[in-house]
Amino acid sequence: MPIVTTRVVVLQTYAYSDTSKILRLMTREHGPRSAIARGARRPGSRFGGLIEPFAEGAATLYLREGRELHTLSDFDLVRERQGLGRDLQRFAGASVLSEMVMRLAPEHRDDRLYAALVRGLDELLVAPAGSVEGAALRAIWRLVAILGFAPDLGRCAACGRPLGVDEAASFDFASGGLVCGSCGGGAPRLTGAEIDVLRRLMERGEPPARPGRRQRRLLADFVRYHLAEGTHLRSLGFLERGGEGA
Ligand SMILES: [Zn+2]
């Protein structure tokens, strides 16, 4: 049973019995892992109140090869990020990032993915009121790209023809990109200006000042279709509703 110490982000925690917690962790060295923190719910536990969602620390784990559940023996807090839990939008954005990593991270070391998760959480933490939603969209799309699902917004996904700057097109979830007017079927139709907002977000990391309802809906549907395999990502609702304080 190898003992490893690795940097981790706590993605989710569940109560287990009266005294313990089950943790979903993104580890920097070993990909996503689940671990039990025995006694973590006891008053005076050595873990204190440190093991909360979005917190980052150096975790010492007993890895049980071939098992789903490992054992946390030590946790040295590096960054707590409790501010994310005090604001609905920040919390929702951080939850989308966590759920995406939980479901989709490869079962091995991925430094870029780990760094993008940490960066996204930190950006959400410090984003000024009024730009939290934009920061969330940017962080989500950074993860989409690293996970390998970024759509090609430059050409038609069906015939390959480059799309004009102001050209309207439809978004086709099955082909994972835009399809031109001659190829498009019943998928949602976007104006050239709406597509431009998506291009700036996805290609240059410029979050829209105030994303329109159709764009938010599209982004949520896209993440759901490609990343959640049809399952329910609870936290995505905020993308569709949008708006500060909504
Ligand atoms: Zn086409």
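Quick note, the sequence shown lines up with residues 705 to 950 if you use this note's numbering.
Glycine is no exception: its CB is placed at the ideal position from the N, C-alpha and C atoms.
Whose C-beta lies closer than 6 Å to the C-beta of residue i among residues of the same chain, with five residues either side of it excluded?
| i | result |
| --- | --- |
| residue 855 | 880, 881 |
| residue 742 | 724 |
| residue 888 | 874 |
Going along the chain, which residues of its own chain have a beta-carbon closer than 7 Å to the beta-carbon of residue i, five neighbours each way excluded?
| i | result |
| --- | --- |
| residue 896 | 869, 870, 871, 872 |
| residue 766 | 705, 707, 774, 775, 777 |
Ligand 1 heavy atoms versus the CB of residue i: any closer than 7 Å?
| i | result |
| --- | --- |
| residue 862 | yes |
| residue 835 | no |
| residue 874 | no |
| residue 799 | no |
| residue 737 | no |
| residue 879 | no |
| residue 886 | yes |
| residue 807 | no |
| residue 813 | no |
| residue 865 | yes |
| residue 830 | no |
Under the assumption that residue i contacts residue j (Cβ atoms under 8 Å), give the Cβ distance between them as a whole number of angstroms.
| i | j | result |
| --- | --- | --- |
| residue 739 | residue 729 | 6 Å |
| residue 801 | residue 787 | Going by Cβ atoms, the distance from residue 801 to residue 787 rounds to 15 Å, so no, they are not a contact pair. |
| residue 839 | residue 831 | 4 Å |
| residue 850 | residue 807 | So it is not a contact: roughly 14 Å between Cβ atoms. |
Within this structure, are the beta carbons of residue i and residue j separated by less than 8 Å?
| i | j | result |
| --- | --- | --- |
| residue 911 | residue 905 | yes |
| residue 858 | residue 847 | no |
| residue 714 | residue 759 | yes |
| residue 967 | residue 762 | No information on residue 967 is available, as it lies outside the stretch 705 to 950 that the chain covers here. |
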